[in-house]
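In this note's numbering, the protein residues as written are 7 to 782.
We put the beta carbon where it would ideally sit given N, CA and C, even for glycine.
Everything numeric in this text was worked out from a predicted model, so none of it was measured.
Structure, rendered in structure tokens:
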């Protein structure tokens, strides 16, 4: 703890807000000040362990540049104002647009870091209060494909597996999931198994030499953009050798004949030519997957943010369906999330879905929601699903979307093709409201900035990647006049005077716990049922996994153990899509395909990406994360230990490519794509040949490095997966140019996938580490 007297410290229950693992922790408070954290040993998720972001990220709460008063733009400048002036201005603009343009002139773009109670309130305000369909979140950038893949295979969102499957699996396959950096405590759990008496075998699919790859029996490093070809080859081998559960397939699935026909053409030799990986390695990986007794698979951004994202992720589901590997200890799929509360955006209808995993195309579901909220169904009925994020910005660019409310996210750094995004955010025709804790790159161009309270300064619940719900209690008072996101939304609803059909307040709750009860009513009878939960139960020391109906308040560890799926036509969340083209199937086609509500095996042909290496742009470009930062570093850059471990952007290049291009560790190079360019120092690593990697965290804010040419998303295209609408950050083409020779190593961590090729680079340490008092 940071200089605290142990006798004066109290502890507040919470969980991590800086990754999707859901590590349970307690916040140490002295007076009204955070002074440290500790892991909660009784928790099912992390068993008391914490990762670097957990240990140090809390310091950002007390950063001196926190927003403490609302800001409003006057004569081109943001100036401080009071809450009444700021929110009255927002409400007045809302009413004007509703009167003159209609609800479709207004949109909301939120985060994967708010609390469930806040998402639900936002969803009700947007859908039932304003009546707009323009609602999405930055979870579109990291978790949309997870949700879509689950819907396509099982008819509904919801992770089938559980973290405890790590403890039982004899094979763990990680597809585009660098768990050692994105969920390092889950990686510790895997390392425990590897060090034990019955270690599992690992399969790793990743073009970088991650710690996962180093421990894998087989490491497949395909060319970016070729994941579908690789998965089809693995399935080709599994089917050809008969490593399948014929009875499970016959009783519980539809679509096997289409899969057999599709993958017949994808021998390991064919895939080897497409993916540039050895055919023998594909065969060995298929053998391990096909003969596993208990198979756990995880999937993340290496698939989700790449070409044919949904199609590739669905093929991982297919491996489990043809093998009958679901619902038993050690047998599961985790289509992972990238953010701590991404699951809640999907449940609550704040990210392109409608609340309670209801089906926007099912009139009965829309009517059910309208009855719950006591509004006319016509207010909720639209010609299509809620607008996805990339389309939101496209509408703003065209001028039809004239007000955008951004909460707890920073699209001026996180979205692709940043020159275009900046020009949209700065348009005179767009009234931009930003709700955040710091003056981010996005907030700096807003018309109104609302200072928000953050984790540790408010109370609420959030759900991690394996459906575990945690309660986070308020530990300290927010700085200055900052308010919780829930308080801001409730105040806005009051000023707008949203009413239901009977003239009563539409938003009838007033605090986190009453908002949670309202959500429970919405979730009742749906897959994500919270009705058996309470704040009291969630203060019991560990998180609880939904569904938690009233008769099962202890929760549910695994889904589909009985071979029954949430895919019945009258109950499913989605009627599905063509996973290659994204075309919706529609209700009639779905009923014909799956009248009995089975799991769906969906095949996909491989199609080459539009943007791929060429003579002018000879490298494949991928972006990604590092262990020490989260998203655009809004919080982690303000923790000295985390910022010190990874202070600036870098670019990774293979040993062979560095030699060919006469580039050395620490050299400054320019990386150019058809969309933009950046400058960065070189880390020569063991990444596969022909691929460049750039971490995406680094925007323009930095007290020590104000450069405007280092954001990775200057390089990425405006393109998205047809089915999930998730932007494609990992299938691009680039060239490089040497600018100057380096005088030292690149500012890249040595402790993870960015490790240098030899020991000449000093090891990464968390400078100024906090003193830990183990007596407390």
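Please list the terminal residues of the continuous beta strand (DSSP E) segment that includes residue 627.
625 to 630
Open item on the list: From the DSSP secondary-structure annotation, give me the bridge partner or partners of residue 113.
Closed with: Partner(s): 410.
Restricting to runs no shorter than 3 residues, where is the beta strand (DSSP E) found entirely within the region 162 to 187?
177 to 181
task = Please go through the region 306 to 357 and give each complete alpha helix (DSSP H) segment of 4 or more residues, from N-terminal end onward.
result = 307 to 310, 315 to 329, 348 to 354
| For residue 152, which option in 755, 114, 682, 344 has the closest C-alpha, if you only look at C-alpha atoms? | 344
As assigned by DSSP and simplified to three states, the class of residue 269:
helix
- Message: Going by the DSSP bridge assignment, what does residue 148 pair with across the sheet?
- Response: Answer is none; residue 148 lacks a bridge partner.
Task: Reference residue 526; option with closest CA among 553, 759, 510 - done: 553
May I ask which residues mark the beginning and end of the alpha helix (DSSP H) holding residue 386? 383 to 386
Which term fits residue 750, buried or exposed, when burial requires 16 or more other beta carbons within 10 angstroms of its beta carbon?
exposed
Stretch-stretch touch, CB-based, cutoff 8 angstroms, three pairs: the region 80 to 90 with the region 462 to 479 | No contact exists between the region 80 to 90 and the region 462 to 479.
Run through DSSP, which three-state label would residue 571 get?
-> coil
Q) According to DSSP, is residue 131 helix, strand or coil? A) helix
If contacts are defined as beta-carbon pairs under 8 angstroms, then residue 332 and residue 566 qualify, I think. What distance do you get, rounded to the angstrom?
5 angstroms
Return helix, strand or coil for residue 242, following the three-state DSSP convention. helix
**Prompt:** Which value, in whole angstroms, describes the spacing of the CA atoms of residue 700 and residue 562?
**Reply:** 39 angstroms
Based on Cα-Cα distance, which residue from 69, 171, 159, 81 lies nearest to residue 51?
-> Nearest in C-alpha terms to residue 51, of all of 69, 171, 159, 81, is 171.
Secondary structure of residue 296, DSSP reduced to three states: DSSP places residue 296 in the helix class (H, G or I) of the three-state scheme.
| request: Give the range of the alpha helix (DSSP H) segment to which residue 86 is assigned. | output: Not the alpha helix (DSSP H): residue 86 falls in the beta strand (DSSP E), residues 83 to 86.
- Please state whether DSSP places residue 786 in a helix, a strand or coil. Absent from the model: residue 786. The displayed extent of the chain is 7 to 782, so no value can be given.
Rounded C-beta distance between residue 230 and residue 616? I'm assuming under 8 angstroms.
With a contact defined as Cβ atoms closer than 8 angstroms, residue 230 and residue 616 miss out at about 13 angstroms.
Report yes or no: do the region 274 to 290 and the region 239 to 249 share at least 3 C-beta pairs separated by less than 8 angstroms? yes
Between the Cα of residue 117 and those of 40, 109, 375, 26, spot the shortest distance and give me the residue it belongs to. 26
When the Cα of residue 414 is compared with those of 183, 124, 496, which residue comes out closest?
Sorting 183, 124, 496 by C-alpha distance to the C-alpha of residue 414 places 124 at the top.
- Nearest-angstrom Cα separation, counted from residue 721 out to residue 705: 13 angstroms
If you draw a straight line from the C-alpha of residue 624 to the C-alpha of residue 741, how long is it? 6 angstroms
Could you tell me the alpha carbon to alpha carbon distance between residue 673 and residue 452, rounded to whole angstroms?
37 angstroms
### Cβ neighbour criterion (16 or more within 10 Å) applied to residue 187
buried
So residue 6 is in the alpha helix (DSSP H); what residue range does that whole segment cover? Given a span of 7 to 782 for the chain in the structure shown, any question on residue 6 remains unanswerable.
*asked:* In the DSSP output, what is residue 42 paired with across the bridge?
replied: 34
query: In or out: residue 716 buried (at least 16 other Cβ within 10 Å) or exposed?
result: Buried is the call here.
Could you tell me the distance, in whole angstroms, from the CA atom of residue 591 to the CA atom of residue 317? 15 angstroms
Q | DSSP-derived helix/strand/coil call for residue 699 | A | In this structure, residue 699 counts as strand in the three-state DSSP scheme.
Review point. Between residue 482 and residue 551, what straight-line distance do the alpha-carbon atoms span, to the nearest angstrom?
Key: If I take the Cα positions, the gap works out to 27 angstroms.
>> Let's test the definition: count the other Cβ atoms within 10 Å of the Cβ of residue 108 and tell me whether it reaches 16, buried, or not, exposed.
In response: exposed
**Prompt:** Got a sec? Which residues, its chain only, sit under 8 angstroms from residue 447 by beta carbon, not counting five neighbours each side?
**Reply:** 416, 418, 419, 638, 705, 706, 707
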